[in-house]
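Colleague: Protein chains in written order, with our numbering: chain A, 1 to 112; chain B, 1 to 114.
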Amino acid sequence: AQSVTQPDIHITVSEGASLELRCNYSYGATPYLFWYVQSPGQGLQLLLKYFSGDTLVQGIKGFEAEFKRSQSSFNLRKPSVHWSDAAEYFCAVGARGNKLVFGAGTILRVKS
Amino acid sequence: KAGVTQTPRYLIKTRGQQVTLSCSPISGHRSVSWYQQTPGQGLQFLFEYFSETQRNKGNFPGRFSGRQFSNSRSEMNVSTLELGDSALYLCASSPTSGGTYEQYFGPGTRLTVT
């Protein structure tokens, strides 16, 4: 069965510092991978997706992610974090049809 | 284009009652999926509808049901509410089924069962 692991429940970074959120997946075939962000009381906003091709994908708000098949990872990165990036981030893998299997999420705190 | 809309945004119900939540997908999108989000279980897939047919179903009891109309709008129904059904219910729309398109989420309906 498909699964997604986000090892870090909480991460705190200083404003202007770089960020990396980890995501490991389990899936038999070539995965469709996604990162979503959720602000308090809001729905999920898609940051970026990987379907195939270039393993480094660019998303909105200056985020990027790198797909590494050998490590079953799809880590999210941002070179310089802004206070407005504080939110919860979810990694997801596409399963059968449009079903998404989500990780538990990582809460990002940004300190000034 | 307008985004995914969900109504109502907030709902308070009593144990044993039933509830219906509504989701209007992005114009032109024909697939609607539903998810339950709780602090303990996280985001869990409920079901997906495409062209008025349920295409996929998650591991939830039969009290959870849904349907889709010809205009792609979808409703989900929860009967005999339990305290554990308190959650944020999110719907997501996509142009088609098959997983090759991204899904766009609505703001959710916050259901509280007392």
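Beta carbons: idealized from backbone N, C-alpha and C, even for Gly.
1. Under the three-state reduction of DSSP, which class applies to residue 84 of chain A: helix, strand or coil?
2. Here's the rule I'm using: 16 or more other beta-carbon atoms within 10 Å means buried, otherwise exposed. How should residue 85 of chain B be labelled?
3. Measuring only the C-alpha atoms, how far is residue 111 of chain A from residue 62 of chain A?
4. Could you tell me the alpha carbon to alpha carbon distance between residue 73 of chain B and residue 95 of chain A, rounded to whole angstroms?
5. If you measure beta-carbon to beta-carbon, which residues of the stretch 98-111 of chain A are closer than 9 Å to chain B?
6. Between the stretch 100-108 of chain A and the stretch 54-61 of chain B, are three or more C-beta pairs nearer than 8 Å?
7. Near residue 36 of chain B, what residues of its chain come up, given a Cβ to Cβ distance below 7 Å and the 5 sequence neighbours on each side ignored?
8. From the DSSP output, which residues share a beta bridge with residue 93 of chain A?
9. Can you pull the chain C neighbours of residue 51 of chain A, defined as C-beta to C-beta under 8 Å?
10. Have a look at residue 15 of chain A and residue 21 of chain A and give me their C-alpha separation to the nearest angstrom.
11. By Cβ distance, which residues of its chain are closer than 6 Å to residue 52 of chain A, with the 5 residues on each side in sequence left out?
12. If we ignore side chains and look at the alpha-carbon of each, how far apart do residue 34 of chain A and residue 76 of chain A end up?
13. Check the Cβ of residue 105 of chain B against every Cβ in chain A and list those closer than 7 Å, keeping chain order.
14. Tell me which residue opens and which closes the beta strand (DSSP E) that residue 23 of chain A is part of.
15. DSSP has residue 17 of chain A in a bridge; who is on the other side?
16. Which ranges would you report for the alpha helix (DSSP H) in the stretch 48-85 of chain A if only whole runs of at least 4 residues count?
17. Any C-beta of chain A within less than 7 Å: which residues of the stretch 50-61 of chain B qualify?
Modeller: According to the structure data:
1. When DSSP states are grouped into helix, strand and coil, residue 84 of chain A belongs to the helix group.
2. Residue 85 of chain B should be labelled buried.
3. Taking the straight line from one Cα to the other gives about 19 Å.
4. Their Cα atoms are separated by approximately 23 Å.
5. Of all residues in the stretch 98-111 of chain A, the ones placed with a Cβ closer than 9 Å to any Cβ belonging to chain B are 98, 99, 100, 101, 102, 103, 104 and 105, in chain order.
6. When C-beta atoms of the stretch 100-108 of chain A are compared with those of the stretch 54-61 of chain B, fewer than three pairs fall below 8 Å, so the two segments do not count as touching.
7. The residues are 44, 46, 87 and 89.
8. The partner list for residue 93 of chain A (beta bridge, DSSP) reads A:33 and A:101.
9. In the structure shown, chain C cannot be found, because the protein chains are A and B.
10. Between residue 15 of chain A and residue 21 of chain A, the C-alpha separation is close to 15 Å.
11. So the list is empty, once near-sequence residues are dropped.
12. Each residue's alpha carbon lies about 10 Å from the other.
13. Listed along chain A, the residues sitting closer than 7 Å to residue 105 of chain B by beta-carbon distance are 43 and 44.
14. Neither: residue 23 of chain A is in no beta strand (DSSP E) and is coded neither H nor E.
15. Residue pairing by DSSP places residue 17 of chain A opposite no residue, since no beta bridge is assigned to it.
16. Entirely contained in the stretch 48-85 of chain A, not one alpha helix (DSSP H) run reaches 4 residues.
17. Look at the stretch 50-61 of chain B: the residues with a C-beta under 7 Å from a C-beta of chain A are 55 and 56.
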